[in-house]
Amino acid sequence: MIERLLSLLYIWCFATLTSCFAQKESINELYAQLDRSIEQSQHYTKLKESSIAQLKELIHQENNPKLLINTYRKIYSEYKPYQSDSAVAYIQKAIVLAQKEGLPAEVAGLKSQLALQYSTAGAFAEALEVLNHIDKKTLDESNRKDYFIAYYHVYGELGFSNIHVDTDLSQNFFSRQNAYRDTLFAILPHHSEDYLMRKEVMLTVRINGMKH
């Protein structure tokens, strides 16, 4: 299952189809473009599967728990934009091992990443459940950013998902998102991608006159 990739492919195909008919291009050219896009998708899939297979081989060879946690995290990262269920499964393996090894800071960081993955997949209740059970005392420089980013993301998604359902509830979620954004602004380097990306979003919202 290549959820995000296929979604992008369908959008691209629709846009290409509209463009082709608008410009009266031949149907053969449209099919040729579609075939090339599918081939690129298949190539991408093969590269991902090869990389994941190599990482999975390391699982059976690694005896150091910290290095094994890192391998699980790498597999999670490979699956993250590619197959959400598998991404969740491997980040959970990393969490279990980190808990077993008594690594609270590692657990907090991994749980923050799990929450973000849940949020990205639309599992908002699960994301908040994970975040609400993270021990804030275990947050440090290595995991604090991920923790606040996860909260920022889930409340932003909840705001957008409720914007046409319950305006007051939506604005409440956006207010919470803004609070976590301000926290991120206070801890992120101002030249970092994470900072600049959220600054751009904030300025765009202001320019468009949206209140959240």
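Mapping of the sequence shown onto the numbering used here: position 43 corresponds to residue 62, and the numbering continues sequentially without gaps. For glycine and all other residues, C-beta sits at the position ideal for the given N, C-alpha and C. Note that the coordinates shown come from a computational prediction; the quantities given were computed from them, not determined experimentally.
Can you tell me whether DSSP reads ILE279 as helix, strand or coil?
Residue 279 falls outside the range modelled here, since the chain spans only 20 to 231, and no answer is possible.
Would the beta-carbon of ILE153 fall within 8 Å of that of LYS130?
Locating residue 153 in the sequence shown gives position 134, where the first residue counts as 1. Locating residue 130 in the sequence shown gives position 111, where the first residue counts as 1. LYS130 is positioned such that its CB atom lies closer than 8 Å to that of ILE153.
Separation of THR223 from LEU188, as counted between CA atoms:
Taking the first residue of the sequence shown as position 1, residue 188 is located at position 169. Taking the first residue of the sequence shown as position 1, residue 223 is located at position 204. Between LEU188 and THR223, the C-alpha separation is close to 22 Å.
Work out the CA separation of ASN162 and TYR91 for me, nearest whole Å.
Stepping through the sequence shown from its first residue, residue 91 is reached at position 72. Stepping through the sequence shown from its first residue, residue 162 is reached at position 143. So the two alpha carbons sit approximately 17 Å from each other.
Are the CB atoms of ALA127 and TYR166 nearer to each other than 8 Å?
To locate residue 127, count along the sequence shown from 1; it is residue 108. To locate residue 166, count along the sequence shown from 1; it is residue 147. Contact: yes.
For the alpha helix (DSSP H) that contains GLU176, what are its first and last residues?
One-based indexing of the sequence shown puts residue 176 at position 157. Start and end: 163-180.
Using a Cβ-Cβ cutoff of less than 8 Å, which residues in the same chain neighbour LYS67 once the five nearest sequence positions on both sides are dropped?
If you number the sequence shown from 1, residue 67 lands on position 48. These residues qualify, in order along the chain: GLU97, TYR101.
Distance between beta carbons of LEU207 and LYS164, contact taken as under 8 Å:
Position 145 of the sequence shown, counted from the first residue, corresponds to residue 164. Position 188 of the sequence shown, counted from the first residue, corresponds to residue 207. Their Cβ separation, rounded to whole angstroms, is 7 Å, which keeps LYS164 and LEU207 in contact under 8 Å.
Going by the beta-carbon positions, is the gap between VAL184 and ALA146 smaller than 8 Å?
Stepping through the sequence shown from its first residue, residue 184 is reached at position 165. Stepping through the sequence shown from its first residue, residue 146 is reached at position 127. Not closer than 8 Å, so no.
When we look at the beta-carbon of LYS75 and count the other beta-carbons within 10 Å, is it buried (16 or more) or exposed?
Reading the sequence shown from its first residue, position 56 is the one you call residue 75. So LYS75 ends up on the exposed side.
Going by the CB atoms, is the gap between ASP159 and ALA124 shorter than 8 Å?
Taking the first residue of the sequence shown as 1, we reach residue 124 at position 105. Taking the first residue of the sequence shown as 1, we reach residue 159 at position 140. Yes, the pair counts as a contact, with Cβ atoms nearer than the cut-off.
Assuming GLN136 and SER103 are in contact, meaning their beta carbons sit under 8 Å apart, how far apart are those beta carbons, in whole angstroms?
As a working mapping, residue 136 is identified with position 117 in the sequence shown. As a working mapping, residue 103 is identified with position 84 in the sequence shown. Contact flag correct, Cβ pair sits at about 7 Å.
Suppose the cutoff is 6 Å on Cβ atoms and the five residues either side in sequence are ignored; what does the same chain contact list for LEU177 look like?
Translated into the one-based positions of the sequence shown, residue 177 becomes position 158. Counting only Cβ-Cβ distances below 6 Å, and skipping sequence neighbours, we find PHE143, PHE192.
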